[in-house]
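Beneath this line is the structure, given in structure tokens, with notes to follow.
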Amino acid sequence: MPDPLMYQQEHFVVLETNQPEQFLTKSELQQKLQGILEEMSPQDLPLDLQQFDSIAAQSEHLLDTTCELDVGAGEYLQWYAVRLEK
């Protein structure tokens, strides 16, 4: 039986165009995604996000289902769950 700790996603490494890698908590990443989604026009959003009424729901869906967001030609935003050790 897999350990439930394997499915906890509390910390993420974020890779972004022309930025050093960042380690963010789940809430910090969700805030970052919300800020990016607010700046995007609705027609530029992926189709699966257009079904949600709020930006909070869109960012939660992204965290639950994928690890990247298309932010424009030649640019990228990716995130991966990591386990930090003390």
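Heads up, the sequence shown is in my numbering, so the first residue is -3 and it goes up one at a time.
Just so it is clear, CB atoms sit at the ideal spot from N, CA and C, and this is done for glycine as well.
Less than 8 Å separating the beta-carbons of residue i and residue j?
| i | j | result |
| --- | --- | --- |
| Phe48 | Gln39 | no |
| Ala52 | Gln74 | no |
| Gln5 | Ala77 | yes |
What separation, rounded to the nearest whole angstrom, lies between the Cα atoms of residue i and residue j?
| i | j | result |
| --- | --- | --- |
| Val67 | Ser37 | 11 Å |
| His7 | Lys22 | 6 Å |
Can you tell me whether residue i is helix, strand or coil according to DSSP?
| i | result |
| --- | --- |
| Thr62 | coil |
| Leu25 | helix |
| Gln54 | helix |
| Glu12 | strand |
| Leu41 | coil |
What does a CB cutoff of less than 8 Å around residue i pick up in its chain, not counting 5 residues either side in sequence?
| i | result |
| --- | --- |
| Leu45 | Leu33, Gln54, His57, Leu58 |
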